[in-house]
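Chemist:
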Amino acid sequence: MKKLMFPIVLILSFTLCQGHRSRCKHPSEDNLRQKLYRILPDPYLLDRSEHIPDVKMKKCPTSVNTSSELIQDRSISPWSYRINEDLNRYPRQIVEAYCLCKGCVTSKESSMVSEPFHKDIPVLYKSSKCKKSRYVYKLRYIKVAHFCICRFH
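Heads up: the sequence shown at position 115 corresponds to 115 in the UniProt record's numbering, and the numbers run straight through without jumps.
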């Protein structure tokens, strides 16, 4: 009888634990947005909607595109944008820059490199904790590339 009780207790405790986890839901998009925007000094810091991510990755140009209206194309350290996605973070998608070239377009010197300029931005990460049947999101700062610059190596 004792040998039979142990597996039953084990299964019951596992089932109860699983049931507890499934009761925790995600907060609404509005709730997360309000929480994050209370922290942000500038709400437009995260709004990078004017930066359109590439459908396919661009390559390093052979010369500066002086006819383009886009600053990232006219730069000697050209860049483009891609989506950085993390399902456990709010916002889940962040537009970030990536450099198109290793060096700088107009420089023949190998001592010049193209590198992303990062800025720390606040985001909310989902924790494993549950409060009032909702997942708790914690504030963190992550580095996000905003554009690329040339510098001496």
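Where is the CB? At the ideal position from N, CA and C, for every residue including glycine.
Three-state secondary structure (DSSP) at N88?
Modeler: The answer is coil: DSSP assigns N88 none of H, G, I, E or B.
Chemist: According to DSSP, simplified to helix, strand and coil, what is K132?
Modeler: Coil.
Chemist: Note down the Cα distance separating R21 from S75, rounded to an integer number of angstroms.
Modeler: Annotation note: pLDDT 48 at R21 (below 50); position unreliable, coordinate value reported separately. Roughly 50 Å between the two C-alpha positions.
Chemist: Between the beta-carbon of M112 and the beta-carbon of F147, is there less than 8 Å?
Modeler: Contact flag unset, no.
Chemist: What residue range is occupied by the uninterrupted alpha helix (DSSP H) comprising E69?
Modeler: Element bounds for E69: n/a, residue is neither H nor E.
Chemist: By the three-class DSSP mapping on this structure, what secondary structure does R33 have?
Modeler: Looking at R33 - three-state DSSP - the assignment turns out to be helix.
Chemist: Does Q72 pass the burial test, meaning 16 or more other C-beta atoms within 10 Å, or should it be called exposed?
Modeler: Its Cβ being crowded by 16 or more others within 10 Å, Q72 is buried.
Chemist: Are the stretch 90-101 and the stretch 63-70 touching by the rule of at least three beta carbon pairs closer than 8 Å?
Modeler: Counting Cβ pairs under 8 Å, fewer than three are found: no touch.
Chemist: Using the Cα positions of E115 and Y90, report the straight-line distance between them to the nearest angstrom.
Modeler: When rounded, the distance between both Cα atoms is 26 Å.
Chemist: Say the cut is 7 Å; is the CB of S28 nearer than that to a heavy atom of the ligand COA?
Modeler: Within the structure as shown, the ligand COA is missing, as the structure has no ligands at all.
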